[in-house]
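> Structure below; questions to follow.
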Amino acid sequence: MAVDERPLIMHVIHHLVMGGMENGLVNLINNLPESRFRHVIVCIENDSDFRERIVRKNVSIIVMDRSRIGVWALRRELFALCRKLKPAIVHSRNLSGLDALLPARLAGVRYCVHSEHGRDMDDLDGNNRKLAVLRTLHRPLVTRYITVSKDLQGYLVERVGVAAKHITQIYNGVDTDRFSPVINKPQGILPETFQGQDKVVIGTVGRLQAVKDQATLMKAFAGLLTKYPDVASYVRLAIVGGGPLCEELRKLGKTLNISANLWLPGKADNVPDILKSFDLFVLPSLAEGVSNTILEAMATGLPCVVTAVGGNVELVTDGYNGKFFNPGDVDGLRDVIAGYVLDAELRKHHGQNARKATVDRFSMDAMMFNYQQVYEYGLP
């Protein structure tokens with residue numbers, strides 16, 4: 006039996022569930038030249054049926070379950086795994102991925118890539134000293150850094166002390182064929198009361214967790230219906246995604262008395278069709294790297310209302326393809342949404358600009374080329 010001489014990339018990720026970083030990893034594996042690389046995914050915690058989005062054959066997914074076995078057992082198992090699989094490249098992602106770096110180095114892995122994709126609730130502004138020190142301690146173990154935004158690149162340089170020459174900034178790419186505009190919304194995707202060309206659907210897609218702050222969007226929507234009661238007959242709100250805050254947000258919808266105009270379906274596999282059913286996309290996150298869902302919404306031709314945080318300001322141009330608002334600013338978000346709800350031409354114009362920006366700057370081909378360049382650089 007012939008030995009497969011393609012270099013193996015070991016991707017280390019916290020968990021393989023629906024999310025922007027995870028989606029980017031799946032896109033990477035599905036689109037890098039199959040003849041050039043092999044892949045294995047190591048989940049520090051667990052995986053899910055999100056694995057089914059991987060179309061490449063023979064991609065193993067190994068679950069470590071750190072919460073159960075503890076961090077030291079995790080490191081021992083990662084060391085043994087690297088000795089057994091002999092990856093040419095270990096690519097760790099975000100904070101929990103740091104656990105793989107020392108075991109990989111001790112096992113003889115010569116090329117370690119680490120990428121930063123965004124921030125969590127405990128470090129929204131990048132000023133958490135403990136986390137900066139933790140990254141600094143791991144810095145000698147990293148051969149090459151990747152960041153998905155210039156904001157995160159600046160963080161690594163200024164707070165972690167990484168030399169700029171060791172960082173490659175790569176924007177996420179989006180499939181502009183799969184995510185594309187339509188003249189008429191698809192039927193049968195949203196609830197019956199959301200369907201019809203006369204309806205204006207405000208939507209968001211993302212994991213239901215605190216850092217995404219969907220509650221602010223719900224409160225702003227309730228404020229919209231209070232301030233402009235006439236729009237209640239045709240304006241709808243869709244919040245799509247699974248996560249730990251699902252039930253809490255359902256209860257909030259009842260408290261705000263917007264349940265009749267609200268759709269909270271949980272996680273969904275038909276995101277392209279769902280986005281085609283929207284008229285306006287909103288991302289109220291408290292922190293972001295570079296959001297895949299913003300790029301997907303832009304590619305679909307949707308104007309994007311987003312918080313002016315992280316990489317969002319590198320994707321959306323205020324007044325051109327969307328609008329900014331401050332994190333947690335319920336009234337500010339309400340007023341921005343109202344501007345779009347009451348002006349169909351503005352929605353159309355900004356949506357066209359969003360599509361153009363995506364095609365021009367954020368193609369999947371560009372992302373694949375840049376990642377392949379980083380990987381090839383470290384190979385013999």
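Position 245, counted from 1, in the sequence shown is what my numbering calls 250; the numbers after and before it change by one each time, with no gaps. Idealized CB from N, CA, C, for every residue including glycine.
Buried or exposed for E121, please, with buried defined as at least 16 other CB atoms from any protein chain shown within 10 angstroms of its CB.
Position 116 of the sequence shown, counting from 1, holds the residue named residue 121. Per the 10 Å Cβ criterion, buried.
> Let's see if you can read the secondary structure: which residues bound the beta strand (DSSP E) around P270?
Here residue 270 corresponds to residue number 265 of the sequence shown, with the count starting at 1. First-last of the beta strand (DSSP E) with P270: 267-271.
> Quick check on I18: buried or exposed, where buried means 16 or more other Cβ atoms within 10 Å of its Cβ?
Taking the sequence shown and counting its residues from 1, the one referred to as residue 18 is at position 13. Label assigned to I18: buried.
> Let me check one thing: in DSSP terms, what residues is G208 bridge-paired to?
Within the sequence shown, numbered from 1, the residue matching residue 208 stands at position 203. DSSP output for G208 lists A243, F286 as bridge partner(s).
> Check whether the segment 181-198 and the segment 318-330 touch, using three or more Cβ-Cβ pairs below 8 Å as the test.
With a cut-off of 8 Å, the segment 318-330 and the segment 181-198 do not count as touching, because too few Cβ pairs lie within range.
> Leaving out the 5 sequence neighbours to the left and right, which residues in its chain are closer than 8 Å to R144 when beta-carbon positions are compared?
Your numbering for residue 144 matches position 139 in the sequence shown. These residues qualify, in order along the chain: V165, G166, V167.
> How far does the alpha helix (DSSP H) with F84 in it reach, from first residue to last?
Reading the sequence shown from its first residue, position 79 is the one you call residue 84. Residues 76-90.
> Taking buried to mean at least 16 other C-beta atoms within 10 Å of its own C-beta, is F55 buried or exposed?
Here residue 55 corresponds to residue number 50 of the sequence shown, with the count starting at 1. Buried.
> Starting from F374 and walking both ways along the alpha helix (DSSP H), at which residues does that stretch end?
Reading the sequence shown from its first residue, position 369 is the one you call residue 374. Unbroken alpha helix (DSSP H) run through F374: 369-382.
> With distance defined between alpha-carbon atoms, name the residue in N28, A349, V47 nearest to K204.
One-based indexing of the sequence shown puts residue 204 at position 199. Closest option to K204, Cα to Cα, is A349.
> By DSSP's criteria, F330 is part of a beta bridge. Which residues make up the other side?
The residue labelled residue 330 in the question sits at position 325 within the sequence shown. Answer by DSSP bridge pairing, in chain order: T312.
> Can you list, in chain order, the residues of its chain with a C-beta nearer than 8 Å to that of D336? Leave out the 5 residues immediately preceding and following it.
Locating residue 336 in the sequence shown gives position 331, where the first residue counts as 1. Correct list, in chain order: A225, G228.
> Does the distance from the CB of L129 to the CB of A292 come in under 8 Å?
The residue labelled residue 129 in the question sits at position 124 within the sequence shown. The residue labelled residue 292 in the question sits at position 287 within the sequence shown. Yes, the Cβ-Cβ distance between L129 and A292 is below 8 Å.
> Grab me the residues of G258's own chain with a C-beta within less than 6 Å of its C-beta, minus the 5 sequence neighbours each way, in chain order.
What you label residue 258 is simply residue 253 of the sequence shown in a count that begins at 1. Excluding residues within five positions, the ones whose Cβ falls inside 6 Å are S264, L267.
> Going by the beta-carbon positions, is the gap between L86 and V47 smaller than 8 Å?
Here the question's residue 86 lines up with position 81 in the sequence shown. Here the question's residue 47 lines up with position 42 in the sequence shown. Yes, the Cβ-Cβ distance between L86 and V47 is below 8 Å.
> Is the segment 113-120 touching the segment 367-383, taking contact as three or more C-beta pairs under 8 Å?
The segment 113-120 vs the segment 367-383: in contact.
> If the criterion is Cβ atoms closer than 8 Å, does the pair I299 and V321 meet it?
On the sequence shown, position 294 is the one that residue 299 refers to. On the sequence shown, position 316 is the one that residue 321 refers to. Yes, the Cβ-Cβ distance between I299 and V321 is below 8 Å.
> In whole angstroms, give me the CA-to-CA distance for G316 and M303.
Numbered from its first residue, the sequence shown carries residue 316 at position 311. Numbered from its first residue, the sequence shown carries residue 303 at position 298. Answer to the nearest angstrom: the Cα atoms are 14 Å apart.
> Can L285 and I342 be called in contact, C-beta distance under 8 Å?
Along the sequence shown, read from residue 1 onward, the residue named residue 285 stands at position 280. Along the sequence shown, read from residue 1 onward, the residue named residue 342 stands at position 337. Yes, these two residues count as a Cβ contact at 8 Å.
> On the three-pair Cβ rule with 8 Å, is the segment 11-28 touching the segment 358-368?
Not touching, per the Cβ criterion.
> Taking the alpha carbon of I413 as the reference point, which residue from R81, R73, L90, A78 has its own alpha carbon closest?
The displayed coordinates of the chain run from 6 to 385. Any statement about residue 413 would go beyond what the structure contains.
> Would you kindly check if the distance between the Cβ of V179 and the Cβ of E418 is under 8 Å?
Because residue 418 is not part of the residues shown, which for the chain are 6 to 385, the question remains open.
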